[in-house]
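Numbering of the sequence shown is given in this note's numbering, commencing with residue -11 and proceeding in unit increments. Structure first, commentary second.
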Amino acid sequence: MKLPLYLISDVHLSMNGSADEAEKRCHLAQFIGHVGETGGTLFIVGDLFDFWFEYKHVIPKAYFGLLSWDRGYRILRSILRNRIFVFLYRWLHPDLGYAIAKHFSRNGDYDHHTPEYKEEIVADLTEYCEEQCKNGIDYVIMGHYHQHKEIQLENGRFLILGDWIKYHSYGYFDGEQLSLKSWGTGQTDD
């Protein structure tokens, strides 16, 4: 693994042909080119695609919800990971499967929570990260929450990577400092 490290999350590449999607893809391609030019390492933390069906032998299945109160997600996850559901879904024609997934993926509306709800998420995650940093961890980096946050903790640092829908944000680690940046804002890596 070569420095610098770049970390992105929540790109949500979709198959729609909108101008916003084309712009996002252009920014992402430029960013990946930049990572290559620096000789650094890129980590895609999650949700590169808006919809991805996990076939039995293709994609490893690993995700767990950290928010203790997010029971809705846990119930939905248990349904979607159910062997019977997966077996039946595989029998759907891909056009129908994609249409169903598109309907449930919020049609690109990833900023639908209230400010209070977002604060509650950050507070819960920060508490989790504080505990991790008490155990000798220096950095906790997360995606999935579509928030662009850089939080200095008592014993470490916590980044929520934002997304490539609103922020075009990425984590950057040069071997000494971890920071959160936004691509296309004129910000440099140094």
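Note that the Cβ used here is the ideal one computed from N, Cα and C, for glycine as well. Please read these numbers as outputs of a predicted model, since none were measured by experiment.
- Query: Would a C-beta distance cut-off of 8 Å place Arg13 and Leu30 closer than the cut-off?
  - Reply: Taking 8 Å as the Cβ cut-off, Arg13 and Leu30 do not qualify as a contacting pair.
- Exposed or buried, which one is His91 when buried takes at least 16 other CB atoms within 10 Å? It counts as exposed.
- Span separating the alpha-carbon of Cys117 from that of Lys169: Going from the Cα of Cys117 to the Cα of Lys169 covers about 20 Å.
- Query: Along the chain, where does the alpha helix (DSSP H) that runs through Met18 open and close?
  - Reply: The sequence given here has Gln at residue 18, not Met. Where Gln18 is concerned, the enclosing alpha helix (DSSP H) stretches over Ala7 to Thr26.
- Message: Would the stretch 122 to 132 count as touching the stretch 144 to 154 if we require 3 or more Cβ pairs under 8 Å?
- Response: The stretch 122 to 132 is in contact with the stretch 144 to 154.
- Task: Figure out for me which residue from Tyr158, Gln165, Tyr155 and Asp151 has the closest Cα to the Cα of Gln140.
- Result: If you compare the alpha carbons of Tyr158, Gln165, Tyr155 and Asp151 with that of Gln140, the shortest gap goes to Gln165.
- Leaving out the 5 sequence neighbours to the left and right, which residues in its chain are closer than 6 Å to Asp151 when beta-carbon positions are compared? Apart from the 5 residues on each side of it in sequence, Asp151 sits with its Cβ closer than 6 Å to the Cβ of Asp(-2) and His134 in its chain, given in chain order.
- Just curious, the beta strand (DSSP E) that Tyr158 is in, first and last residue? Its beta strand (DSSP E) spans residues Ser157 to Phe161.
- What's the call for Ile72, buried or exposed, on a 16-neighbour Cβ count within 10 Å? Its Cβ having fewer than 16 others within 10 Å, Ile72 is exposed.
- Item | Residue interval of the alpha helix (DSSP H) (run including Ile109) | It spans Pro103 to Lys122 - the alpha helix (DSSP H) in which Ile109 sits, taken as one unbroken run.
- Contacting residues, own chain, Cβ-Cβ under 6 Å from Ile47 (five flanking each side not counted): Unreliable placement is indicated for Ile47, whose pLDDT of 42 sits below 50; the coordinate value is still reported in the next sentence. Non-local beta-carbon contacts of Ile47 in its own chain, meaning distances under 6 Å to residues more than five positions away in sequence, are absent.
- Item | Own chain, CB closer than 8 Å to Ser157, minus 5 neighbours either side, in chain order | Leaving aside the five residues that flank Ser157 on each side, the residues in its chain whose CB is nearer than 8 Å to its CB run, in chain order, Ile(-4), His136, Leu149, Gly150, Asp151, Leu168, Lys169, Ser170 and Trp171.
- Task: Taking only the alpha-carbon atoms, compute the straight-line gap between Ile88 and His81 and give it to the nearest angstrom.
- Result: Approximately 11 Å, taken between the alpha carbons.
- Bridge partners - Met130, DSSP secondary structure assignment: In DSSP, Met130 forms a bridge with Ile148.
- Task: Output the boundary residues of the beta strand (DSSP E) element that contains Ile(-4).
- Result: Annotation: the continuous beta strand (DSSP E) that includes Ile(-4) extends over Leu(-7) to Ile(-4).
- Task: Determine the burial state of Leu(-7): buried for a count of at least 16 other Cβ atoms within 10 Å of its Cβ, exposed for fewer.
- Result: Burial check for Leu(-7): the Cβ neighbour count within 10 Å reaches 16 or more, so the residue is buried.
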